[in-house]
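From first to last, the protein sequence lines are chains C and P. Take the first sequence: its position 46, counted from the start at 1, is 46 in my numbering, and no numbers get skipped. Going from the second sequence to my numbering is simple: count from 1 and add 295. One structure is given here, and the rest of the page talks about it.
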Amino acid sequence: MSPKHLSRDTKRFLWIGILPSALLYALFVIWPAINALMYSFTRWDGLSTPVWIGIDNFVNLFKSGSDFVTAIGHNIYLTVVPGSIILTLALFFAWMIHLKVAGSTLFRVTFFFPNVIASVAVALLWVLLYSTTEMGPINNIRQALHMEKVPFLESARLLQSIVPMMVWSATGFYLVLFLAAMENIPVDYYEAAHLDGASPTLQFIRITLPLMWDVLTTGIIFLIVGGLKFFDAVWVMENGRPSPATHTMSSLMYAKVFEEYNVGYGTAIAVLLFVLVLIITRISMRLLKRERLEY
Amino acid sequence: MRGSLLEKLGTLVRTGVLGLWMLGVVLPMFWVLATSLKSTKEVTRSPFGIPDALAHPGAKTFAVIAENYSKAWVGSGFSAYFWNSLKVVSISLALILLLGSMAAYCLSRFEFRGRNAIYNAFVAGLLIPMQLILIPLFFQYADWSDVLTRSFAPIARVLQLGNLTVSLHNSHEGIILIYVAASLPFTIFTLTSFFGTLPGGVREAAMIDGASEARTFFSVMLPLAKPGLITVAIFNFLGLWNEYLFGIVFLADNKLKTLPLGLASISMQAQYKSDFGLMFAGLVITMVPTLVVYLLLQRHLTKGITAGAVKG
């Protein structure tokens with residue numbers, strides 16, 4: 001239908017249909033996003049007049065030894081370590097379910113459970129699991145095995161302790177994602193490979209992985225973006241006061257703005273986070289296009 | 296014969312490995328549930344035993360369960376947190392579905408000037424992290440509240456309402472507006488492609504029958520889009536029910552807190568640290584709603600992820 005043919009009724013409907021969403025989106029997403037860019041070039045305590053300081057905030061972020069450099073390192077750690085474990089486990093489990101097991105629906109449904117629980121509740125659950133009091137299960141098991149109790153939640157250890165929590169809570173989602181991709185691959189391919197005498201492992205490497213490459217890339221993007229934005233668990237496990245040893249980009253941003261009233265600097269962190277998300281999505285999409293196989 | 300035996304063995308081993316992981320996933324959750332049925336004394340005495348309330352059911356042991364849950368539900372305000380969550384999330388969801396489906400329908404089924412620009416602007420929002428808009432919104436809200444209060448002042452004077460102050464900070468309305476706006480990119484993106492898959496002749500047939508655009512949309516197109524709406528609703532529900540970062544900034548007042556915020560603030564308060572019964576009961580109250588919704592609708596959720604996976 002060309003624009004000329006729209007009736008008055010249709011035109012009115014289009015206005016009513018789009019305007020409220022567009023307005024809300026412009027006022028509560030686009031405008032603040034633009035404002036964020038502007039704040040990041042100022043020095044501002046949130047009350048007085050902002051002072052334009054150019055790219056100073058960004059330069060300061062990357063001064064060696066700054067809290068931000070440490071924080072971004074934590075984000076990279078929380079992306080790479082749990083991410084690679086989650087990818088491996090999710091692929092492994094999805095492949096096993098795909099190869100046929102008893103009770104596949106039960107596995108699929110229960111593995112997903114932790115994913116729907118609030119991240120705050122997951123963090124608190126792990127605080128209790130790691131507890132050094134008499135009711136902490138993990139330290140109890142260690143004692144039963146004649147090992148020493150470990151204060152898993154102290155700042156120096158916290159990031160390592162978050163890794164199992166992330167694996168526990170996220171693997172189910174990626175399993176469902178990957179399993180769907182695997183089941184979408186035509187059976188003929190495997191039958192042909194089977195006739196040629198290819199082992200299941202070889203079939204996995206030669207058929208499954210390449211044909212689900214785009215979904216795998218989607219999964220990797222999710223993991224990286226999630227790792228870059230990581231906030232909730234660090235915040236809860238540190239009782240709202242992360243130290244430089246545990247800050248991630250998001251928690252540092254929060255602390256800079258709402259505790260140190262360094263709005264420009266804090267917003268610069270948010271802008272950088274946004275730029276990183278953009279770059280990573282872009283790069284991944286590029287790679288995805290190159291590797292995409294049609295079938 | 297040997298091949299099939301080997302096959303059976305393989306299935307058995309795989310089922311065993313997956314079963315182990317399932318135990319690892321489910322056991323901590325059962326442990327929380329079981330511990331929430333114990334008194335603090337019992338938690339310290341036998342942290343991993345079967346709760347007395349289950350081993351020796353009776354009025355006395357049930358009183359422990361009642362105490363834990365009433366302490367959490369009434370004493371620590373989890374009932375208020377629960378109702379706040381329900382209010383914020385259900386109003387947000389209703390608005391998201393209404394506004395999002397209308398916009399998506401218009402963008403997918405009509406051609407008009409600026410359509411692609413509007414669609415692209417919405418989809419670009421998928422790449423904007425919530426962190427980017429958090430701080431400006433905080434300061435915007437202070438400014439807007441002032442403007443609103445000042446512009447309502449004459450009206451309030453005429454209507455003799457006294458001093459009317461409008462505040463977007465520390466108000467459910469304020470955070471609902473953010474939640475709705477921030478959920479639109481995903482909702483519109485998903486629903487636009489969903490409306491695109493619906494058969495083309497349906498709208499025209501309804502129009503020939505004399506129905507207006509609005510009527511066609513609400514009584515013909517929207518019911519057809521139900522599967523898409525359910526998928527979008529589940530993902531938004533889970534995301535909003537569990538949302539934390541915006542909550543700590545915009546709902547600082549304890550009376551207004553949602554479940555994750557309430558749970559976090561109670562667990563951070565030192566005096567509760569030794570009250571295990573309360574902690575575990577609060578954790579259960581927070582976990583159960585999303586688990587129930589998931590179990591009821593998991594088929595749709597899996598379908599949603601699957602559709603995403605197939606499209607890539």
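Glycine residues also receive a C-beta, built at the ideal position from the N, C-alpha and C atoms.
Go to Gln-203/C, then tell me how far its alpha helix (DSSP H) extends in each direction, as first and last residue. 200-203
Does the beta-carbon distance from Val-215/C to Ala-181/C come in below 7 Å? yes
On the criterion of 16 or more Cβ atoms from any shown chain inside 10 Å, does Phe-62/C qualify as buried, or is it exposed? exposed
Closest residue to Leu-558/P among Tyr-376/P, Thr-306/P and Leu-307/P (Cα-Cα distance): Tyr-376/P
Where Val-369/P falls: helix, strand or coil (DSSP): helix
Using only the alpha-carbon positions, how far apart do Arg-452/P and Ser-446/P sit? 11 Å
Within 8 Å of chain C by C-beta, residues of the segment 408-421 of chain P in sequence order: Arg-408, Ile-413, Ala-416, Phe-417 and Gly-420
Once DSSP output is grouped into helix, strand and coil, what is the label at Trp-31/C? helix
Measure the alpha-carbon distance for Thr-208/C versus Ile-185/C and round it to whole angstroms. 8 Å
Does the distance from the CB of Asn-537/P to the CB of Ala-233/C come in under 7 Å? no
Measuring only the C-alpha atoms, how far is Leu-302/P from Leu-318/P? Leu is not the amino acid found at residue 302/P; the sequence shown has Glu there. Approximately 24 Å, taken between the alpha carbons.
Short CB-CB distance (under 7 Å) between Asn-537/P and chain C: yes
Go ahead and label Ala-564/P buried or exposed: buried means 16 or more other beta carbons lie within 10 angstroms of its beta carbon, across all protein chains shown. The displayed chain sequence assigns Gln, not Ala, to residue 564/P. With fewer than 16 Cβ atoms within 10 Å of its Cβ, Gln-564/P is classed as exposed.
Buried or exposed: His-146/C, going by 16 or more other Cβ atoms within 10 Å of its Cβ? exposed
Minimum length 4: unbroken alpha helix (DSSP H) runs contained in the segment 187-259 of chain C: 187-195, 200-203, 213-229, 232-237 and 249-258
Heavy atom of the ligand MG less than 6 Å from the Cβ of Asn-379/P, yes or no? Inclusion of the ligand MG in the displayed structure is not the case, the ligand content being empty and no account of it being possible.
Using a Cβ-Cβ cut-off of 7 Å, state whether Ala-326/C counts as contacting chain P. Outside the displayed span of chain C (1 to 295) sits residue 326/C, for which this structure offers no information.
C-alpha distance - Tyr-77/C paired with Phe-545/P, whole-angstrom precision: 30 Å
Three-state secondary structure (DSSP) of Thr-132/C: coil
Beta-carbon within less than 7 Å of Thr-133/C's beta-carbon, same chain only, minus the 5 sequence neighbours each way: which residues are those? none
If we ignore side chains and look at the alpha-carbon of each, how far apart do Ser-64/C and Ser-250/C end up? 19 Å
Can you find at least 3 beta carbon pairs, one from the segment 499-509 of chain P and one from the segment 568-580 of chain P, that sit closer than 8 Å? no
Cutoff 7 Å; reference Val-176/C; Cβ partners in own chain excluding five residues on either side: Arg-108 and Phe-112
Closer than 9 Å at the beta carbon, the chain P residues around Trp-311/C: Outside the modelled stretch of chain C, which goes from 1 to 295, sits residue 311/C, for which no answer is possible.
Bridge partners - Arg-43/C, DSSP secondary structure assignment: Val-51/C
Exposure label - Ala-437/P; buried when at least 16 CB within 10 Å: exposed
Whole angstroms are fine: how far does the CA of Gly-54/C sit from the CA of Leu-276/C? 20 Å
Taking the straight line between their C-alpha atoms, what separation do you get for Val-116/C and Ser-48/C? 43 Å
Val-101/C to Thr-601/P, Cα distance in whole Å? 20 Å
For Pro-346/P, which option in Leu-332/P, Lys-355/P and Ile-386/P has the closest C-alpha, if you only look at C-alpha atoms? Leu-332/P
Closest to His-74/C by CA distance: which of Leu-106/C, Ala-121/C, Arg-8/C and Arg-157/C is it? Arg-157/C
Assign Ser-2/C to one of three DSSP states: helix, strand, or coil. Bear in mind that a pLDDT of 48 at Ser-2/C, under 50, signals an unreliable position, so the model cannot answer this.
Spatial neighbours of Phe-311/C within its chain, please: CB distance less than 7 Å, with the 5 preceding and 5 following residues excluded, ordered by chain position. No answer is possible for residue 311/C: the residues shown for chain C start at 1 and end at 295.
Residue interval of the alpha helix (DSSP H) (run including Ala-71/C): 67-98
Could you check whether the Cβ of Met-135/C sits closer than 7 Å to any Cβ belonging to chain P? yes
Which same chain residues, not among the five before or five after Val-298/C, have their C-beta less than 6 Å away from its C-beta? Because chain C here runs from 1 to 295, residue 298/C falls outside it and cannot be looked at.
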